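**Q**
There are 2 protein chains.
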Amino acid sequence: MTKEVVPDIVIARLPRYLQCLNLMAKEGLHTVSSGVLAERLGTTAAQIRKDLSYFGGFGKQGSGYPIYSLIEALQEILNLDRIWQVAVVGAGDLGRALTRYQGFPRRGIEIKLLFDVDPKLVGTKVGSITIQHVDYLEKEIQHHGIKIGVLAVPAEYAQLMADRMVEAGIEGILSYAPVSLILPESVHAQHIDPVLQLQTMMYYLGED
Amino acid sequence: MTKEVVPDIVIARLPRYLQCLNLMAKEGLHTVSSGVLAERLGTTAAQIRKDLSYFGGFGKQGSGYPIYSLIEALQEILNLDRIWQVAVVGAGDLGRALTRYQGFPRRGIEIKLLFDVDPKLVGTKVGSITIQHVDYLEKEIQHHGIKIGVLAVPAEYAQLMADRMVEAGIEGILSYAPVSLILPESVHAQHIDPVLQLQTMMYYLGED
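So the sequence lines, in the order shown, correspond to chains A and B.
Number 141 in the numbering used here belongs to position 141 of the first sequence; there are no gaps in the numbering.
Just add 208 to the spot in the second sequence (first one is 1) and you have the numbering used here.
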């Protein structure tokens with residue numbers, strides 16, 4: 001079975017399954033039923049079974065999934081069996097928070113490059129990373145062969161910086177800028193916008 | 209038609225529709241077809257028509273949606289016709305970045321309270337907000353009648369702080385902590401974890 005047939009929405013759920021399974025492994029569990037996993041994740045057992053069936057059978061009917069081998073399989077499917085280097089553009093509050101975030105190295109993500117335009121910031125360090133001027137963006141990304149970029153710049157610079165990252169060889173962009181980016185089909189984009197998630201919440205809270 | 213019948217997944221898509229429509233309005237457009245809207249959003253026209261049909265008819269077959277009235281309708285549906293005050297727990301890099309984020313006030317979100325335990329931070333200011341000790345969390349949240357909390361604390365404190373926020377009357381929590389929170393059914397939770405989104409991306413990038 002080729003990877004092409006798996007819907008994006010299924011792929012997007014796998015990291016959540018993995019996160020939950022890792023937590024269960026930490027708790028000392030060895031097997032888990034799709035029902036229990038579903039309850040922890042706020043989804044249905046049928047959904048989990050269907051999602052995992054794209055990648056072949058894990059676990060036998062009735063005996064639950066073996067947690068450790070499911071973790072290993074998911075890590076392999078998601079290509080987490082390596083360190084991924086990342087370039088961050090924008091060294092403001094958010095860019096610095098991301099660069100210092102301990103959850104990245106723990107999960108195989110290494111912030112390797114950090115860029116900004118502010119002469120007061122260029123040359124200073126965030127953790128062990130020296131902030132470089134965006135003039136060096138293309139050269140540095142190419143030199144390190146980095147494929148993943150994070151956009152932590154104001155909305156008005158997001159498209160320009162995304163274009164430059166793509167030109168430099170970036171194939172996946174995680175953007176914190178509250179704008180839709182126009183990118184080549186081949187580039188995988190993800191957006192994080194807390195406002196959209198808060199607005200979803202407000203729908204429910206407004207009922208009081 | 210009561211709001212209860214609208215699936216959560218539909219509600220979660222409405223803020224994206226609104227964001228895109230606001231951008232189109234800025235671009236000077238007055239009407240948009242479901243097809244064009246779908247293309248901009250990376251979804252299908254059928255999906256958009258089905259989602260919006262939960263809230264009655266917008267636009268006539270063939271003539272497209274009137275952008276301004278659809279924006280107004282979505283804002284009303286999502287209860288965005290008011291200012292929502294928010295309490296942030298955790299005044300580290302991330303908490304400070306959120307407190308200073310210009311995208312919040314522009315879209316009706318006011319960070320009103322910011323808490324931390326660090327004595328070096330308590331009493332200092334982030335923008336116009338004075339960081340308060342978490343000891344005052346319950347008292348301050350109740351005093352201001354705040355319903356939305358943002359968790360920007362390390363994973364190990366997230367559940368405790370979530371429990372205290374809920375006890376204080378918080379009904380919606382946006383959590384940046386990379387853990388699943390156990391919350392009462394009545395509390396609406398949203399999670400932001402850049403690692404999960406980067407991992408989704410790695411699935412596709414690993415093919416090279």
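Backbone N, C-alpha and C fix where the C-beta goes; we use that ideal spot for every residue, glycine too.
All figures in this text were calculated on a predicted structure; none of them were measured in a lab.
Starting from the beta carbon of residue 411(B), find every residue of chain A whose beta carbon is closer than 8 Å, and list them in chain order.
**A** The answer, in chain order, is 3, 11, 14, 77, 78, 79.
**Q** For residue 190(A), which residues in the same chain have their Cβ closer than 6 Å to its Cβ, ignoring the five residues on either side in sequence?
**A** Cβ neighbours of residue 190(A) beyond the five flanking positions: 174.
**Q** Assuming residue 384(B) and residue 329(B) form a contact by the criterion Cβ under 8 Å, report the distance between their Cβ atoms to the nearest whole angstrom.
**A** Not a contact, Cβ separation roughly 17 Å.
**Q** Using a Cβ-Cβ cut-off of less than 8 Å, give me the residues of the stretch 380-393 of chain B that come near chain A, in sequence order.
**A** Those would be 380, 382, 386, 387, 388, in chain order.
**Q** Please go through the same chain and pick out, in chain order, the residues whose beta-carbon is closer than 8 Å to the beta-carbon of residue 171(A), but skip the five residues on each side of it.
**A** Only 147, 148, 186, 187, 188 meet the Cβ criterion.
**Q** Between residue 200(A) and residue 108(A), what straight-line distance do the alpha-carbon atoms span, to the nearest angstrom?
**A** Looking at the two C-alpha atoms, the distance is approximately 31 Å.
**Q** Counting pairs of Cβ atoms below 8 Å between the stretch 272-286 of chain B and the stretch 294-313 of chain B, do you hit three or more?
**A** Verdict: no, contact absent.
**Q** Just confirm the distance between the C-beta atoms of residue 87(A) and residue 113(A), as a whole number of angstroms; I'd bet it's less than 8 Å.
**A** Confirmed, about 4 Å.
**Q** If contacts are defined as beta-carbon pairs under 8 Å, then residue 335(B) and residue 308(B) qualify, I think. What distance do you get, rounded to the angstrom?
**A** At roughly 5 Å, the Cβ-Cβ gap stays under 8 Å, so residue 335(B) and residue 308(B) are in contact.
**Q** So which residues on chain B does residue 29(A) lean against when the C-beta distance must stay under 8 Å?
**A** Chain B residues near residue 29(A): none, gap ~14 Å exceeds 8 Å.
**Q** Near residue 10(A), what residues of its chain come up, given a Cβ to Cβ distance below 7 Å and the 5 sequence neighbours on each side ignored?
**A** Correct list, in chain order: 51, 54.
**Q** Starting from the C-beta of residue 8(A), find all residues in its chain whose C-beta is less than 7 Å away, skip the five residues before and the five after it, and write them out in chain order.
**A** Excluding positions up to five away in sequence, the list is empty.
**Q** Check residue 66(A) in the structure and name its three-state DSSP category.
**A** Three-state result, residue 66(A): strand.
**Q** By the 9 Å beta-carbon criterion, what residues does the stretch 38-62 of chain A contribute toward chain B?
**A** Going along the stretch 38-62 of chain A in chain order, one finds 40, 41, 42 with a Cβ nearer than 9 Å to chain B.
**Q** Whole angstroms are fine: how far does the CA of residue 66(A) sit from the CA of residue 158(A)?
**A** Their backbone Cα atoms lie some 43 Å apart in a straight line.
**Q** By DSSP, does residue 149(A) sit in helix, in strand, or in coil?
**A** Here residue 149(A) sits in strand by DSSP.
**Q** Identify, in the order they occur along the chain, each residue of the same chain with its Cβ nearer than 6 Å to the Cβ of residue 348(B), setting aside the five sequence neighbours on each side.
**A** Excluding sequence neighbours, residue 348(B) sits near 321.
**Q** Could you tell me which chain A residues have their CB closer than 7 Å to the CB of residue 400(B), listed as they occur along the chain?
**A** Here the neighbours are 192, 194, 197.
**Q** Quick one: which unbroken alpha helix (DSSP H) runs of 4-plus residues sit fully inside the stretch 281-326 of chain B? Chain order, please.
**A** 301-308, 311-314, all fully within the stretch 281-326 of chain B.
**Q** Between residue 324(B) and residue 346(B), what straight-line distance do the alpha-carbon atoms span, to the nearest angstrom?
**A** For residue 324(B) and residue 346(B), the distance between alpha carbons rounds to 13 Å.
**Q** Thinking just about the alpha-carbon of each residue, which of 15(A), 5(A), 198(A) is nearest to the one in residue 405(B)?
**A** Considering only alpha carbons, the answer is 15(A).
**Q** Report yes if the CB atom of residue 165(A) is closer than 8 Å to the CB atom of residue 89(A), and no otherwise.
**A** Yes, these two residues count as a Cβ contact at 8 Å.
**Q** Could you have a look at residue 385(B) and say whether DSSP puts it in helix, strand or coil?
**A** It is coil, neither helix nor strand.
**Q** Taking buried to mean at least 16 other C-beta atoms within 10 Å of its own C-beta, is residue 19(A) buried or exposed?
**A** Label assigned to residue 19(A): buried.
**Q** Could you have a look at residue 125(A) and say whether DSSP puts it in helix, strand or coil?
**A** Strand at residue 125(A).
**Q** From the beta carbon of residue 372(B), is the nearest beta carbon of chain A less than 8 Å away?
**A** Not an interface residue.
**Q** Do residue 229(B) and residue 279(B) have their CB atoms nearer than 8 Å?
**A** Yes. Within cutoff.
**Q** In terms of residues, what are the limits of the alpha helix (DSSP H) holding residue 397(B)?
**A** It is not in any alpha helix (DSSP H) - residue 397(B) instead sits in the beta strand (DSSP E) that spans 396-399.
**Q** Could you name the residues of chain B that residue 97(A) contacts, counting a contact when the two beta carbons are closer than 7 Å?
**A** Per Cβ cutoff of 7 Å: 301, 302, 305.
**Q** Keeping to the same chain, check which residues put their C-beta closer than 6 Å to that of residue 34(A); ignore five residues upstream and five downstream.
**A** The residues are 45, 48, 49.
**Q** Give me the chain A residues within the contact set of residue 317(B), using Cβ-Cβ distance strictly less than 8 Å, ordered along the chain.
**A** Residues of chain A passing the Cβ test: 195, 198.
**Q** Exposed or buried, residue 178(A), counting other C-beta atoms within 10 Å across all chains shown (16 or more means buried)?
**A** Buried is the call here.
**Q** Between residue 160(A) and chain B, is there a C-beta pair that is closer than 8 Å?
**A** With 8 Å as the cut-off, residue 160(A) does not count as an interface residue toward chain B.
**Q** For residue 265(B) versus residue 240(B), is the C-beta spacing smaller than 8 Å?
**A** No.
**Q** Just to check, is the beta-carbon of residue 337(B) closer than 7 Å to a non-hydrogen atom of the ligand SAM?
**A** By its list of ligands, the structure shown contains no ligand whatsoever, and the ligand SAM lies outside what it can speak to.
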